[in-house]
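Okay, so the sequence shown: first residue is 3 according to the numbering used here, each after it adds one.
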Amino acid sequence: GPEPLSIVLCSNRLSSQREIDEVLTHELIHIYDIKKKRMDLTNCKELAYSEIRAAREAECGNSLTAYTQLICVKDKATVATKNMFPDEGRACVCNVFDEAMNDHTPFASLQSHSRNPHRASDR
3 GPEPLSIVLC
13 SNRLSSQREI
23 DEVLTHELIH
33 IYDIKKKRMD
43 LTNCKELAYS
53 EIRAAREAEC
63 GNSLTAYTQL
73 ICVKDKATVA
83 TKNMFPDEGR
93 ACVCNVFDEA
103 MNDHTPFASL
113 QSHSRNPHRA
123 SDR
């Protein structure tokens, strides 16, 4: 991809602040995965992993129940992964689904920091 990585928002495609927030969240997850986790999104399983995380935080973040969130995430991640890997995209999503759904970085570290604001490493 381009260096430095960038996100382009098209005003003719986004009609509300909610949509802008959703797209930014989704794309920032991908950038985090590429830069911090060193993921290669040209690899089917790594793309699927990142798509699952991005969908969970963005498009499916406000699902009414955990069950509907699972369905939403699997559907969105499968469609996105199949765009690049039409034959194997669904299998890649299924192979990494549980692990990716349980990966909440960087949010997990932010939550633990906010619960314990006086960690020894911060003194």
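C-beta atoms are modelled at their ideal positions from N, C-alpha and C, and glycine is treated no differently.
message: What does the Cβ neighbour count give for Y69, buried or exposed, with the cut at 16 atoms within 10 Å?
response: Per the 10 Å Cβ criterion, exposed.
query: If you follow the alpha helix (DSSP H) that F99 is part of, which residue opens it and which one closes it?
result: DSSP places F99 in the uninterrupted alpha helix (DSSP H) bounded by G91 to M103.
- prompt: Which of the three DSSP states, helix, strand or coil, is assigned to E5?
  reply: E5: coil per DSSP, three-state reduction.
- request: Report yes if the CB atom of I54 is closer than 9 Å to the CB atom of M103, and no otherwise.
  value: In this structure, M103 lies closer than 9 Å to I54 by Cβ.
message: Quick check on DSSP: helix, strand or coil for E61?
response: It is coil, neither helix nor strand.
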